[in-house]
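See below for the structure under consideration.
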Amino acid sequence: MIHRFSRGLTALMLAALLAGMAGPAAAGEQASPYSIHLSVATPEYELLPGSVTVAGYSSVAMPGAPALPEWRTVVELPPTGEWDMDFSAVELKEIALDEPLVAAPSPDLSLNGPTAWQDLAALPETVREVNRPDPAIYTADAFYPSSVVVAGQEQWQRGKRLLALRAYPFQVNPVAGVLRYYPNIRIDIHVSAGGKPARPRTDLSALSSLPVEVDGALRITTGQRGMYRLTYADLQAAGVPVNGLNPARLALRYLNQSADVQVTGAADGSFDPGDMIIFYAEPYEGRYMTHNVYQLTYGGPDNGARMTTRTATPQAGDPLITTITRTVHSEVDRDYRSTYPLASDDDHWFDSALYVNQAVPSASVTYDLDAAGLLSVVPGTATLRVMLHGGTAQPAQPDQSVAIRVNDHDAGVVQWDGSRRELATKTVPTAWLNGAPNRVTLEAAISQLPGLSYYWVSPDWVEMSYQSPATASDDRLYIEGITVSSGRRAHVRADSFAGADVAVYDVRDPHHPVQVGGVQTTPSGGQQRVDFWDQWPQGQLPPSYFLAANEGLLAPLGIEQDTLTNWLSLSHQADYIAIVHSSLSDAVQPLLDRRAAEGLRVAKVDVQDIYDEVSGGRVDPEAIRSFLAYAYENWNGGGDPPRYVLLVGDGHYDFKDAAGRHLPNLIPPYLLNIDPWLGETGADNRYVSLDGPDDYLPDMNIGRIPAKTAADVTAYVNKVAAYEAAPAGDWQEKAYFVADKQDDPAGNFWAFSDDVRTNWLPEAYADRALYFGMTALQTGAQMRAAIQGAYNEGGIYLQWFGHASQFRWGSSSVYDILAPAGLESNARNPFSVHYGCWSGYFLGIQGSSQYGNNEQSLGEVLLLTPGKGSIADLSPSGLHIGSALQTLNQGVVKSIFQDRVVRVGDAVTAGKQFFFANSSVWHDVIDTSILFGDPALALRLPSVQQRTLFLPMVQAR
923 MIHRFSRGLT ALMLAALLAG MAGPAAAGEQ ASPYSIHLSV ATPEYELLPG SVTVAGYSSV
983 AMPGAPALPE WRTVVELPPT GEWDMDFSAV ELKEIALDEP LVAAPSPDLS LNGPTAWQDL
1043 AALPETVREV NRPDPAIYTA DAFYPSSVVV AGQEQWQRGK RLLALRAYPF QVNPVAGVLR
1103 YYPNIRIDIH VSAGGKPARP RTDLSALSSL PVEVDGALRI TTGQRGMYRL TYADLQAAGV
1163 PVNGLNPARL ALRYLNQSAD VQVTGAADGS FDPGDMIIFY AEPYEGRYMT HNVYQLTYGG
1223 PDNGARMTTR TATPQAGDPL ITTITRTVHS EVDRDYRSTY PLASDDDHWF DSALYVNQAV
1283 PSASVTYDLD AAGLLSVVPG TATLRVMLHG GTAQPAQPDQ SVAIRVNDHD AGVVQWDGSR
1343 RELATKTVPT AWLNGAPNRV TLEAAISQLP GLSYYWVSPD WVEMSYQSPA TASDDRLYIE
1403 GITVSSGRRA HVRADSFAGA DVAVYDVRDP HHPVQVGGVQ TTPSGGQQRV DFWDQWPQGQ
1463 LPPSYFLAAN EGLLAPLGIE QDTLTNWLSL SHQADYIAIV HSSLSDAVQP LLDRRAAEGL
1523 RVAKVDVQDI YDEVSGGRVD PEAIRSFLAY AYENWNGGGD PPRYVLLVGD GHYDFKDAAG
1583 RHLPNLIPPY LLNIDPWLGE TGADNRYVSL DGPDDYLPDM NIGRIPAKTA ADVTAYVNKV
1643 AAYEAAPAGD WQEKAYFVAD KQDDPAGNFW AFSDDVRTNW LPEAYADRAL YFGMTALQTG
1703 AQMRAAIQGA YNEGGIYLQW FGHASQFRWG SSSVYDILAP AGLESNARNP FSVHYGCWSG
1763 YFLGIQGSSQ YGNNEQSLGE VLLLTPGKGS IADLSPSGLH IGSALQTLNQ GVVKSIFQDR
1823 VVRVGDAVTA GKQFFFANSS VWHDVIDTSI LFGDPALALR LPSVQQRTLF LPMVQAR
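Pasting the structure below:
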């Protein structure tokens, strides 16, 4: 419950802070403008062998910790000022225990195996829990928890500064067998006056969209590193009005920063046939694209940035450089590893794991270094770099090992510890690079780690840097580095150019290349030899260079008009933001028109426009989050920020199509290493959790239509229209509670479901329990028929509690992605909620032959099946445990049926806030509960008499 801070309050309010029932009370009081006082009274408890409980209190859920009673609340602090907290626990009593207290259940699941979990035949359906007391607690002669009151991490939600508090009226010393009991605990929170706003914010300092006062802009995609050219014909074909175009106003941008270009023939003030724009482009380095993006504007008010030129006069004694450093890189992406602890923007694709054990004592993989042509090597040494990732961490140190061979030569063994990246660097003689082809072999062997019975390693990439003659290929040459023994000058000579019109550029600063003058070309062996001289500033390393004749200039991979927008403007007004892929824009418009007709101010934003304005045209989920943060902070003229966000388009984790599935990635998922078992998974919630990088409470209500085609969107839009027009009836009072078996290692699913059905759903609703194992529901077929019947009959709400996987409900399938197609068409579609595991894993790319290789999750299918299924769906993209889902279940049902929060996005957010207030662990549930559908959809709740069951808030007023 939330204690709201408000200045000037002297009144004392008392309220029960319990989950819908009377019980021990806490008092909230503001004794000064900047103080809050709470008292937690626990006059009664029940002590049984192995347990102590307090009516209305939760139990400690930390895995392996003693399951002591835990009182929880949330305090709303003033928006500014530092806070501190103290507490007193009086009337201490000590109680001798007859036997140790039971521990909170511990999850028993690891998906970090030699085969990526997505490839397993038997996919995880739930998290099994076991009794595994934490030895660090149970063998310590100390009281647990160490503090009677614990403050959690501050969180913010729509301008409210929230602090979670936990109080423990009992502490236990497991070794001494003693329980301490504190019947009264007083908590004092003091907030200093004034001070800077405490709210952390998403960093928007780098936002700098294209200037809106230009006549137009082009989006230019590039591939390999090199000097690129844009011709008169290129611009004309892209729709640029080349007649009368002022070349001085041509400007290039990269990642929203100015980049220098050359414009040939510009001295006459016009851009004519034969004129060119020349610029340097880097290869893309990141996980989201295979190409890079530059932006060219024309017709702006200012002149564009131009390359400068420098010329060094040749001097006697300038060292002659005829050899250069080259690097060849080999990388194979076969294996998506969500379980590896990597950053969100880090590449999670690896080669197949090298797994060894007693039965398979060795495993190896070989990489060809000559894929782009036979290496031309100068005698000396080369540097080999190998990037690897360790598999699972084991007690032995080290627990990862790989032997490296270059052709038939041993380059050594690299060993390290833990499931982490390891960069191995080896210096090898270039005499070893005499193969055709030259190859690097990586081998894992159980003999390398004799203390282990198994291990595995994931290769990422290998690369070799070596000295090579400075010879051009295809009339261009990249010199990534030259070796100068001393001084700041060099005479560089390169051969094998076909053309004599070779230009040399210093590209050490890739956004501001400098042309090097004084280039000399001379015929040599039927080709052209290039000589140039250069001098660089004191204290700097020698530059990198790119040399290109006109025929060696690269053509862009693509050129397209960038529709100019100005979403980073203060003038916009919106309650509802729809971020839409252009291919789905027309199809979703009728839904947006419906919301506008309700009085919501609607902004439809093309996701490409967000990329163009925020991330320089490059696909980047952080650009979407930054845009939403900007809109939240700056739109609506200082009034109430936007409230709803709809993502229109499917997305997945295979941005570069490494698996070759060719699936559209229209609106990317926000990927986060948040799930305790899957690791990285979809967390759309973070798109709208905007108060700094660690915020997970949503500031706006977000939903997604995970559509691949316009037909998918139209099907959903039509379903919404039919739902909103459906005649009123008793279907609006029907709530279906569907659950898995009651005798399951993961928990008693009947009991989880019954807790919410009987204690949280108002009596006026006609609830129906469909539990696997009931008399008439003994088989999967019977359960499937019952669920089909519930959908066909219609209802306001349908939930599942139990085992689930991406494609189905139930440890034995009771409902799967094939079922919704067999439903009867009707408009009485329920809001479905899955309290299980990853049945909302919309980011998956692998289907199952059992389901026609359809990679869609069950949540997606329930939403997108035309005229059938669910009107909205809340389902998980991660794995969860039953007790955590029970808390979310309570919060969602409370928000909809007790508090009558009508719009589904508001209801889901309220449920997440309830979870935050009532759960001290497993907050990944907030991030991985995915809402499919329109967040502003108004559920067709009936006008029924509500049961007086509620969770009051202690408020300071």
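So for the sequence shown, the working numbering puts the first residue at 923; every next one is plus one.
Backbone N, C-alpha and C fix where the C-beta goes; we use that ideal spot for every residue, glycine too.
Excluding the 5 residues flanking it on each side, Pro1512 has same chain C-beta neighbours closer than 8 Å at Val1639, Ala1643, in chain order.
Around the CB of His1584, fewer than 16 other CB atoms lie within 10 Å, so the residue is classed as exposed.
Here Val1755 carries a strand assignment [DSSP, helix/strand/coil]. In this structure, the alpha-carbon of Pro1591 lies about 8 Å from that of Thr1603.
Looking from the CA of Val1012, the closest CA among Tyr1104, Pro985, Trp1039, Thr975 belongs to Tyr1104.
The beta-carbon distance between Ile1368 and Pro1283, rounded to whole angstroms, is 5 Å. This is short enough to meet the 8 Å contact definition. The residues Thr975, in chain order, have a CB closer than 6 Å to that of Glu968 in the same chain once the five nearest residues on each side in sequence are set aside. By alpha-carbon distance to Gln1237, the top candidate from Phe1764, Gly1440, Leu1740, Gln1462 is Gly1440. For Ala1333, the number of other beta carbons within 10 angstroms of its own is at least 16, and it is reported as buried. Between Leu1310 and Val1379 the beta-carbon gap is near 6 Å, inside 8 Å, which marks them as a contact. If you check the CB distance, Ser1799 and Ile1852 come in under 9 Å. Straight-line measurement puts the Cα of Pro1620 at about 13 Å from the Cα of Asp1846. Counting the other CB atoms within 10 Å of its CB gives Lys1015 a total below 16, which places it among the exposed residues. The beta carbon of Asp1030 lies closer than 8 Å to those of Val1049, Arg1050, Glu1051, Val1052, Arg1054 in the same chain, with the five residues before and after it left out. Beta-bridge pairing by DSSP links Gln1217 to Arg1141, Arg1175. Taking a C-beta distance under 9 Å as the contact criterion, Phe1723 and Gly1762 do not qualify as a contact pair. Contact between Pro1742 and Gly1791 holds: CB atoms are separated by about 4 Å, below the 8 Å threshold.
The Cβ atoms of Asn1607 and Ser1266 lie no closer than 9 Å to each other.
Ranking Val962, Asp1423, Leu1167, Gly1744 by CA distance to the CA of Gln1710 puts Gly1744 first. In the assembly as shown, Arg1209 is a buried residue. Its beta-carbon has 16 or more other beta-carbons within 10 Å. Judged by DSSP secondary structure, Thr1680 falls within the alpha helix (DSSP H) whose first and last residues are 1671-1681. Between the alpha carbons of Leu1033 and Asn1587 lies a distance of about 26 Å.
With a 10 Å radius around the Cβ and a threshold of 16 neighbouring Cβ atoms, Pro1096 comes out buried. Inclusion of Met1705 and Leu1720 in the CB contact set at 9 Å is not warranted, their separation being larger than that value. Within the same chain, Asp1531 come within 6 Å of Thr1487 by CB-CB distance, once the 5 residues on both sides are set aside. DSSP, reduced to helix, strand and coil, places Phe1837 within a helical segment of the structure shown. Here Pro1027 has Glu1051 as same chain residues with Cβ atoms under 6 Å from its own Cβ, once five neighbours each way along the sequence are excluded. Put simply, the backbone Cα of Thr1303 is about 40 Å away from that of Gly1538. In this structure, Thr1444 lies near Gln1450, with their beta-carbon atoms less than 9 Å apart.
Trp1383 is bridged by DSSP to Glu1253, Met1309. By the 16-neighbour rule on beta-carbons within 10 angstroms, Gly1804 is buried.
Trp1760 sits away from Asp1662, with the two beta carbons spaced by 9 Å or more.
Runs of the beta strand (DSSP E) lying entirely within the segment 1082-1107 and spanning at least 3 residues, in chain order: 1082-1089, 1092-1095, 1100-1103. Within the same chain, and ignoring the five residues on either side of Ala1188 in sequence, the residues whose Cβ sits closer than 8 Å to its Cβ are Pro1169, Ala1170, Asp1197. Beta-bridge annotation (DSSP): Thr1288 is paired with Thr1363.
As the crow flies, the alpha-carbon of His1434 is around 12 Å from that of Tyr1467.
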